[in-house]
Amino acid sequence: MAKRRGKRSRRQRRILNPHRKIQQVIEGADFINSMPDEILNHILSFIPIDLAIRTSVLSRRWRHAWCELPCLHLRTTAKGIDQTLLSYRRLKIMSFELCVTHKVTESQFNSWVEFAMSRNVGELSLTGLFFCYETYGFPDCFYLSSSLRQLNLVDFDMLPGCTVSWNFLRRLTLSSCSLYDESIANILSGSPNLETLQLFYCGGLLKRLDLSKSPSLRALEIYGWSQRSGQMEIVAPHIHYLNLKNSDVAPCTLVDVSSLADAILCIGLNRYRPFKAGFQQYADVLQTIVLKMLAKLQNVERLTFCGGYLLQILSLAMLCGVRLPKLKVQSLTVQTNFARSFIPSIARLLQNSPGLKKLEVHATYVSYIKDADLDEYLRISQGLDSDTCWRSKHEVFPTTSRMYSMSDCNDAKMKLLGSFLRLVLRNAKRLEKIVVWLGDSYFSDEQMERLLMVGTLSPNNNVSIEFK
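Quick note: the sequence shown uses full-length UniProt numbering, first residue 1, plus one each step.
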């Protein structure tokens with residue numbers, strides 16, 4: 001009974017203290033309120049600005065807390081932006097992101113840019129979607145900043161009206177912007193410490209991207225370059241990383257990338273669609289462009305080929321008797337399928353890379369040139385028998401159309417993958433590791449074990465095979 005009374009008494013004590021939970025909540029709130037302003041600002045920076053502003057009704061402590069946020073990310077109407085900036089107090093903004101959701105005037109946008117620059121912004125992101133039908137020019141103060149570290153611009157004509165001075169800018173990202181030779185030269189000369197340059201789907205009349213006077217620049221990324229001005233020459237002797245992803249094979253020409261160590265190439269054939277003028281008409285041009293590009297990458301240590309067009313064009317050149325250059329690649333990544341038009345180039349890349357240690361294969365669907373177009377070019381332009389050319393060494397691999405008809409047959413895909421692994425081991429003598437990304441393919445444990453046994457066929461028996 002004593003124990004029961006003891007338990008009852010404790011239960012009674014809990015019942016007699018109904019405000020205990022409320023007290024705990026209050027203590028928790030007091031704990032948050034007692035935090036330094038820097039910590040409160042850090043917490044509020046993880047939520048959208050409109051929600052941060054709403055916290056001002058919680059208490060006096062929170063009334064002006066949002067006004068000292070180090071980061072302002074605004075995506076609203078002109079009225080909402082004006083009201084927010086009017087109440088903002090912090091003298092230095094770490095990050096300012098502005099995207100208006102309705103059409104605004106040039107003077108309104110200028111006032112917001114001037115506000116950000118007056119607060120010594122470190123990271124600035126501006127989207128000018130509502131200036132797309134008129135020419136907008138940034139105020140001069142935008143181009144004169146000693147605080148900018150990162151700059152991201154979307155949909156602007158880059159036409160500085162003064163000498164650019166971004167002495168501490170490290171990263172510049174331009175998306176859907178119009179670029180010109182004189183303006184980009186002005187920007188680069190005014191950014192002596194620039195380390196990363198990203199050009200995404202830009203256009204304009206830029207014919208030469210000369211980065212030779214930017215010794216700090218180490219990374220260059222170009223996606224979807226417009227052909228409005230024809231081919232663009234790239235002179236970048238200091239960059240170590242290049243990511244070139246274009247919808248056309250010809251818009252960028254590599255002139256000097258002598259320090260390049262890591263390259264990612266992904267090209268398309270939008271300009272050379274067979275249904276427009278016929279593949280034959282452009283096949284020789286395409287081979288020349290791709291071979292010149294590959295020759296500029298002879299000293300690259302990490303090389304990635306995305307998509308199938310580039311591999312097919314290299315295969316075509318090989319069948320026509322062209323020799324591929326020797327490479328110093330140590331890590332090679334290819335995004336491909338195992339159709340016969342991709343295999344000759346992969347085999348030769350392995351042979352011409354004697355120092356290759358790692359091969360990564362992404363077995364997936366890729367865009368490709370039709371077998372009929374490749375065969376027609378070999379037959380008509382080169383006088384070669386296409387069946388003999390493709391089947392002489394790689395007859396185990398199917399055509400592209402046959403390849404995709406096998407998508408639901410795991411046994412056939414497993415045999416094809418095994419044949420591919422054997423081909424790799426025959427042509428890469430010093431290979432240490434193979435990583436295969438299977439995508440949607442699924443193999444049983446028994447099938448996986450059989451595939452892993454292929455590694456024992458290597459001359460040194462030390463190749464590890466990993467499936468993901």
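We treat Cβ as the ideally placed atom computed from N, Cα and C, and that holds for glycine.
Starting from the C-beta of H394, find all residues in its chain whose C-beta is less than 7 Å away, skip the five residues before and the five after it, and write them out in chain order.
-> In the sequence shown, residue 394 corresponds to position 394, counting from 1. Result list for H394: R340, I343, P344, in chain order.
Contact between the stretch 383-391 and the stretch 360-370: three or more CB pairs below 8 Å?
-> no
Counting only the same chain and skipping the five closest in sequence on each side, list residues whose C-beta sits under 7 Å from that of L310.
-> As a working note, residue 310 is residue 310 in the sequence shown. Contacts found: L265, I267, V290.
Answer with buried or exposed for Y365, where buried requires no fewer than 16 other C-beta atoms within 10 angstroms of its C-beta.
-> Residue 365 sits at position 365 when you count from the first residue of the sequence shown. Exposed: under 16 other Cβ atoms inside 10 Å.
Sort Q287, S353, R422 by Cα distance to S315 and report the nearest one.
-> Position 315 of the sequence shown, counted from the first residue, corresponds to residue 315. S315 has its Cα closest to that of Q287, out of Q287, S353, R422.
Spatial neighbours of V255 in its chain, beta-carbon cut-off 7 Å, leaving aside the 5 residues before and after | Sequence index remark: in the sequence shown, residue 255 carries index 255 (1-based). E233, I234, V235, listed in sequence order.
Could you give the uninterrupted runs of the alpha helix (DSSP H) lying entirely in the stretch 235-313, keeping only those of 4 residues or more?
-> 274-277, 279-295
By the 10 Å Cβ neighbour count, where 16 or more other Cβ atoms means buried, how is I93 classified, buried or exposed?
-> For the purposes of this step, residue 93 is taken as residue 93 along the sequence shown, with counting starting at 1. By the 10 Å Cβ count, I93 comes out buried.
Report yes if the C-beta distance between S165 and L144 is below 7 Å; otherwise report no.
-> Residue numbering aside, residue 165 sits at position 165 when the sequence shown is read from its first letter. Residue numbering aside, residue 144 sits at position 144 when the sequence shown is read from its first letter. Yes. Within cutoff.
Reduced DSSP category for R75 - H, G, I as helix; E, B as strand; rest coil = Position 75 of the sequence shown holds residue 75. Coil, per DSSP.
Going by alpha carbons, who is nearest to L350 out of V424, T127, L91?
-> Mapped onto the sequence shown, residue 350 falls at position 350. When only C-alpha atoms are compared, the closest one is V424.
Proximity to L72 [Cα-Cα], best of Q108, K79, L124, A78 = The count along the sequence shown starts at 1 and reaches residue 72 at position 72. Answer by Cα proximity: L124.
Contact set for K357: own chain, Cβ-Cβ below 6 Å, skip 5 residues either direction | Taking the sequence shown and counting its residues from 1, the one referred to as residue 357 is at position 357. So the qualifying residues of the chain are Q330, E432.
Three-way DSSP call (helix, strand, coil) for I222 in this model = Position 222 of the sequence shown holds residue 222. Here I222 sits in strand by DSSP.
Taking 7 Å as the CB-CB cut-off, is A261 touching chain D?
-> As a matter of chain content, chain D is missing from the structure shown, which is built from one protein chain.
N462 classed as buried or exposed, judged by whether at least 16 other C-beta atoms fall within 10 angstroms = For the purposes of this step, residue 462 is identified with residue 462 of the sequence shown, where counting begins at 1. So N462 counts as exposed.
On a CA-only basis, which of S381, P354, Q83 is nearest V285? Give me that one, please.
-> For the purposes of this step, residue 285 is taken as the residue at position 285 of the sequence shown. Of the candidates S381, P354, Q83, the one whose C-alpha sits nearest the C-alpha of V285 is S381.
H102 versus C177 - alpha carbon distance = Against the sequence shown, residue 102 aligns to sequence position 102. Against the sequence shown, residue 177 aligns to sequence position 177. Near 20 Å, if we compare the C-alpha coordinates of C177 and H102.
Is the Cβ-Cβ distance between F142 and V113 less than 7 Å?
-> Walking along the sequence shown from the start, residue 142 turns up at place 142. Walking along the sequence shown from the start, residue 113 turns up at place 113. Yes, these two residues count as a Cβ contact at 7 Å.
For L324, which residues from the same chain have a beta carbon less than 6 Å from its beta carbon, with the 5 sequence-adjacent residues on both sides left out?
-> Here residue 324 corresponds to residue number 324 of the sequence shown, with the count starting at 1. Result list for L324: R348, N352, in chain order.
Which ranges does the alpha helix (DSSP H) cover as unbroken runs of at least 4 residues, wholly within the stretch 152-186, from first to last along the chain?
-> none
State buried or exposed for Y377, treating a residue as buried only when at least 16 other CB atoms are found within 10 Å of its CB.
-> Counting from one through the sequence shown, the residue named residue 377 turns up at place 377. With 16 or more other Cβ atoms within 10 Å, it is buried.
In angstroms, rounded to a whole number, what distance separates the CA positions of L153 and L98?
-> Within the sequence shown, residue 153 is the residue found at index 153, counting from 1. Within the sequence shown, residue 98 is the residue found at index 98, counting from 1. Those two C-alpha atoms are separated by around 10 Å.
Using the rule of at least 16 other Cβ atoms within 10 Å of the residue's Cβ for burial, across every protein chain shown, is I39 buried or exposed?
-> As a working mapping, residue 39 is identified with position 39 in the sequence shown. Exposed.
Sequence-distant residues of its chain with Cβ nearer than 8 Å to S464 (five each side left out) = The residue you call residue 464 lines up with position 464 of the sequence shown. Closer than 8 Å at Cβ, skipping near neighbours: E432, K433, I434, G455.
Measuring CB to CB, does Y180 end up less than 7 Å from F200?
-> Along the sequence shown, read from residue 1 onward, the residue named residue 180 stands at position 180. Along the sequence shown, read from residue 1 onward, the residue named residue 200 stands at position 200. Contact: no.
Any idea if Y326 is buried or exposed, counting beta-carbon neighbours within 10 angstroms, 16 or more meaning buried?
-> If you number the sequence shown from 1, residue 326 lands on position 326. In the sequence as presented, Tyr is not what sits at residue 326; that position holds Lys. Classification of K326: exposed, given that the 10 Å Cβ count is below 16.
Should L220 and L197 be called a contact, given that it needs their Cβ atoms to be closer than 7 Å?
-> By 1-based counting over the sequence shown, the position of residue 220 is 220. By 1-based counting over the sequence shown, the position of residue 197 is 197. Yes, they are a contact pair.
Sequence-distant residues of the same chain with beta carbon closer than 7 Å to R149, five excluded per side | For this step, residue 149 is matched to residue 149 along the sequence shown. The residues are G122, E123, F168, L169, R170.
What is the residue span of the alpha helix (DSSP H) that K433 lies within?
-> Mapped onto the sequence shown, residue 433 falls at position 433. Per DSSP, K433 belongs to no alpha helix (DSSP H); it is in the beta strand (DSSP E), 433-437.
Taking T163 and G204 to be in contact with their CB atoms under 8 Å, please state how far apart those CB atoms are, rounded to whole angstroms.
-> Taking the first residue of the sequence shown as position 1, residue 163 is located at position 163. Taking the first residue of the sequence shown as position 1, residue 204 is located at position 204. No, T163 and G204 are not in contact; Cβ-Cβ is about 20 Å, not under 8 Å.
Could you please give the first and the last residue of the uninterrupted beta strand (DSSP E) stretch that includes D210?
-> Numbered from its first residue, the sequence shown carries residue 210 at position 210. Looking at the DSSP string, the run of the beta strand (DSSP E) that includes D210 is 208-210.
Thinking just about the alpha-carbon of each residue, which of T399, F115, M158, T127 is nearest to the one in residue 473?
-> In this structure the chain extends from 1 to 468, so residue 473 is not present and cannot be described.
In this structure, what does DSSP give as the bridge partners for E360?
-> Within the sequence shown, the letter at position 360 stands for residue 360. In the DSSP output, where bridge partners are listed per residue, E360 has T333, V435.
Which full runs of the beta strand (DSSP E) of 3+ residues lie inside the stretch 71-128, going along the chain?
-> 71-74, 95-99, 123-127
Smallest Cα separation from S259: which of L211, Q281, N337?
-> In the sequence shown, the residue the question calls residue 259 occupies position 259. If we check each option's Cα against that of S259, L211 comes out closest.
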